[in-house]
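The block underneath contains the structure these notes are about, expressed in structure tokens.
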Amino acid sequence: MDTIDYTKYPKPRSRQHVSPNQYLPKDRIRIEPNYYPPLRPHLDWSDHFTNGQAPEYLDIGCGMGRFLLETALQEPSVNLLGLEVREYAANWIRGVIQGERPRGILGNAEALWYSVANGLPFIERGTITKIFYFFPDPWFKKRHHYRRAFTHQFLDECARVLRSDGTLYLMTDVPDVDEYQRETMTEHGVFTFEECSTDEAWGLSARTDQENFSLRKNIPYVRVKCRKR
Ligand SMILES: C[S@@+](CC[C@H](N)C(=O)[O-])C[C@H]1O[C@@H](n2cnc3c(N)ncnc32)[C@H](O)[C@@H]1O
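What follows is the structure, encoded as structure tokens:
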């Protein structure tokens with residue numbers, strides 16, 4: 647398998663501020679924000695993937711994209727789209743992709759600056775086989791819970807875009823978030839879910855940056871696979 651020399655792509659030092667507004671759908675913000683990820687009612691896939699086809703995997707909140715890029719290398723025939731609300735992170739991933747495409751790799755990977763609070767209108771119904779939603783920001787305080795992307799609307803969108811045999815993969819190291827997500831799915835009623843305690847049951851070999859951090863620091867985390875009823 648091809649590998650990426652990440653030392654060629656220094657990570658940005660500045661940490662741009664993400665305003666609380668960016669976690670809200672744009673139509674719920676009363677005053678037009680001057681800095682907000684673009685809405686994307688429609689995407690022309692030939693602008694994003696070398697083969698011009700739609701994505702089959704989505705990585706929502708892809709962070710600095712390690713899982714996205716490694717999975718794209720492992721499965722070069724599958725288009726993989728990452729969505730990330732932090733602009734510098736999406737831009738850094740795009741820099742890696744643009745840097746590697748002349749080598750004939752990562753034509754199947756893309757990352758967009760986007761807030762998933764606005765749904766997934768650019769994805770056709772029943773076209774996605776895997777959605778990854780890994781280590782979401784926990785937003786511990788109750789008054790910050792509105793910033794959590796994992797809502798009934800989010801699950802409606804996941805259910806709409808997933809194929810009937812598709813899977814939503816969840817990982818978190820925060821027990822409160824795990825409980826909140828299970829409760830939200832139970833109330834929503836469309837997904838069944840099972841916890842995966844072994845790598846075999848999980849079935850994904852690439853790891854996210856946050857997962858690698860948890861493994862290095864011995865922080866336990868939970869893996870859950872969800873399927874439509
Ligand atoms: C703790 S990081 C985990 C990143 C990566 N999934 C991993 O496992 O290493 C959570 C990521 O979700 C992103 N995020 C949070 N809310 C989002 C939203 N509404 N839309 C898109 N990305 C979001 C954050 O900016 C952050 O990069």
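Plus 646 on top of the position in the sequence shown (first one is 1) and you've got our numbering.
Note that beta-carbon positions come from the ideal geometry of N, C-alpha and C, so glycine has one too.
All values derive from a computational prediction rather than experimental measurement.
**Request:** Note down the Cα distance separating Ile739 from Glu756, rounded to an integer number of angstroms.
**Result:** 8 Å
**Asked** According to DSSP, is Tyr669 helix, strand or coil?
**Response** helix
**Request:** Compute the beta-carbon to beta-carbon distance between Thr830 and His798, rounded to the nearest angstrom, for a pair I have assumed lies under 8 Å.
**Result:** 7 Å
**Request:** State the DSSP-derived secondary structure class of His773, mapped to helix, strand or coil.
**Result:** The sequence shown places Thr at residue 773, not His. Coil at Thr773, not helix or strand.
**Request:** Measure the beta-carbon distance from Val731 to Ile769 and round it to whole angstroms, keeping in mind my assumption that it falls under 8 Å.
**Result:** The Cβ separation is near 17 Å, so there is no contact.
**Message:** Looking at Asn697: is its Cβ nearer than 8 Å to the Cβ of Gly753?
**Reply:** yes
**Prompt:** With 16 as the cutoff for other CB atoms within 10 Å, does Met817 come out buried or exposed?
**Reply:** buried
**Asked** Would you report the Cα separation of Met647 and Cys708, rounded to the nearest angstrom?
**Response** 22 Å
**Request:** Give every residue of the same chain whose Cβ lies closer than 8 Å to the Cβ of Leu719, excluding the five residues on either side of it in the sequence, and list them in chain order.
**Result:** Met647, Asp648, Thr649, Ile650, Ile751 and Leu752
**Request:** Please check the pair Asp705 and Phe778, which I expect to be a contact at CB under 8 Å, by giving their CB distance rounded to whole angstroms.
**Result:** 5 Å
**Asked** Cβ of Cys708 versus every heavy atom of ligand 3: is any distance shorter than 7 Å?
**Response** This structure simply doesn't include ligand 3; it includes ligand 1 instead.
**Message:** Please state the DSSP three-state secondary structure of Val820.
**Reply:** coil
**Item:** First through last residue of the beta strand (DSSP E) which encompasses Asp705
**Value:** Tyr703 to Ile706
**Request:** May I have a chain-ordered list of the alpha helix (DSSP H) segments no shorter than 4 residues that lie completely inside the stretch 711 to 754?
**Result:** 712 to 720 and 733 to 746
**Message:** Less than 7 Å separating the Cβ of Phe781 from some heavy atom of ligand 1?
**Reply:** yes
**Message:** Per DSSP, what are the beta-bridge partners of Phe837 in this structure?
**Reply:** Lys874
**Asked** Do Arg686 and ligand 1 come close, with the Cβ less than 7 Å from some heavy atom?
**Response** no
**Prompt:** Relative to ligand 1, is the shortest distance from any of its heavy atoms to the C-beta of Val823 smaller than 7 Å?
**Reply:** no
**Unbroken alpha helix (DSSP H) run spanning Leu689, endpoints** = Careful: Leu689 lies outside any alpha helix (DSSP H) and carries neither H nor E.
**Message:** What does the Cβ neighbour count give for Arg712, buried or exposed, with the cut at 16 atoms within 10 Å?
**Reply:** buried
**Message:** Measuring alpha carbon to alpha carbon, tell me which residue in Arg809, Tyr792, Glu841 and Ala852 is nearest Arg674.
**Reply:** Tyr792
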